[in-house]
Amino acid sequence: SEIANLSLLGYDVSKQFEGRGSLEAASMGINIPEGFMAARCNLICVQDGKIKNHSAGHISTAEAGELIAFLNKELGSGELVFHTGVSYRHLLLLKGGNKELNCTPPHDVPGMACSGLLPQAQNPQAEPTALLLRQLIERSQELLAVHPVNLARQAKGLDMANSIWPWSPGYRPAMLPLSEKYPIHSGSVISAVDLIKGIGVYAGLEPIEVPGATGLYDTNYEGKAQAAIDELKKKDFVFLHVEASDEASHEGDVDLKIRTIEYLDQRLIRPILEEISGWDEAVTIAVLPDHPTYCRIKTHAAEAVPFLIYRSDAGSVQAWAAKGQEKSFGDNKSCAKSDKKAVQSPGSATVDQSDSFFVPDAVQVFDEFSVRAGYYGTLQGEEFIRRFFGLK
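Count the sequence shown with the working numbering and you get residues 270 to 661, in order.
Pasting the structure below:
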């Protein structure tokens, strides 16, 4: 997800990606001190030595907060600190940590044995960090197994949060704000997911909190749509992210995934389109997933994704396959408003916002197969965001 969303916004991940943990730290308002490594830290459910799920049964934030505070008390120090996030998603800061590690995202390996997935050093210099992380995982399992929160969950037949799982380590990234790369002056990010909010923060976007936004199927779709509308009235750009269908895919629940797609269409995209249809100012909307997530394997796939771009004053919709973006159908929306004229971007590239740049094609269905017949074919890396902004 982190690679896909950074690429979607036009960042060169080979130069600017510093791990998921550092991005989520920004969303949580946590400063990464000089000399510290940040890693994403899941609370997961382990059963019979295997990863049952990456989310500890979607543990509540209140329960998770108790467990993280407990781990801080038992394992933390001035050089090792756990920070509470949302549900199963948390953060680990480690002084002097070496990011040159092979760490496995737990959502990629449901049902696999933990023993073969533990953090490993990529070089001798990183071995002390890898060893410490392995020791933390082992010790967390001993401590969490007998914690009252987990005993209560077990009594209710719920999955226990009986292990931590650190992964995607890195340092503070150096990212230019979008306003220095593209023809916008202001923007917002709307998401319940710390990763997306963190990317937005480093991209110079203002995080907007929406009550009831959960990152699951029961999220506040209407609230997110209204927040996007409100922000577009004040700002140039909104990056709106919905996680629901991705989580349904990780659960392997096809019916739930279909329902989340329908909710996305009816409760989020429709009200935005209806609202902007009455605006005098032109609005450009892109709809796309950041990567596929298949119910049958309960994980992501590094494959091309469909996307469409709609221009309110052109009466056109374009759809095509975008290669090299790593969620299930419809996880991301990005919206921008601009004047219908040629302007200069900060990089001095010509911006063509005329109707001729947004030419409709014959594609009428938005899915992975139909869009292959789209006008623009396959786009890679920064090509998508440049096309979205009308950059030649």
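We treat Cβ as the ideally placed atom computed from N, Cα and C, and that holds for glycine.
Treat the numbers as computed from the prediction; the structure is a model and nothing was measured.
- Per DSSP, the beta bridge partners of M306 are L363.
- Distance check between D559 and each of L400, E348, G469, V511 places V511 closest, using alpha-carbon atoms only.
- Here the alpha carbons of L474 and L445 stand approximately 11 Å from one another.
- Here DSSP, grouped into helix, strand and coil, assigns Y486 to coil.
- Where I477 is concerned, there is no enclosing beta strand (DSSP E), because DSSP gives it neither an H nor an E.
- In this structure, G365 sits near G304, with a CB-CB distance shorter than 9 Å.
- Within the stretch 388–414, complete alpha helix (DSSP H) segments of at least 4 residues are found at 396–413, given in chain order.
- In this structure V556 does not touch I527 by the C-beta definition: roughly 17 Å separates them, more than the 8 Å allowed.
- The alpha carbon of E293 has as its nearest neighbour, out of Y280, K284, G467, the alpha carbon of G467.
- Per DSSP, reduced to three states, the secondary structure at P452 is coil, with no helix or strand assignment.
- A straight line joining the alpha-carbon of R580 with that of A551 spans about 7 Å.
- The count of Cβ pairs closer than 8 Å, one atom from the stretch 354–372 and one from the stretch 386–395, reaches three, so the stretches are in contact.
- Excluding its 5 nearest sequence neighbours in each direction, K321 has C-beta neighbours in its own chain below 6 Å: C314, listed in chain order.
- Exclusion of the five residues before and after V355 leaves T330 as the residues of its chain whose Cβ lies within less than 6 Å of its Cβ.
- Within the stretch 324–358, complete alpha helix (DSSP H) segments of at least 4 residues are found at 330–344, given in chain order.
- Contact check for H323 against P397 fails: the beta carbons are separated by 9 Å or more.
- About 5 Å separates the CB atoms of T568 and D377; that is less than 8 Å, so the two are in contact.
- For I406 against W436, the beta-carbon gap comes to about 11 Å, at or over 8 Å, which does not count as contact.
- Within the same chain, A461, T488, N489, G492, K493 come within 7 Å of A482 by CB-CB distance, once the 5 residues on both sides are set aside.
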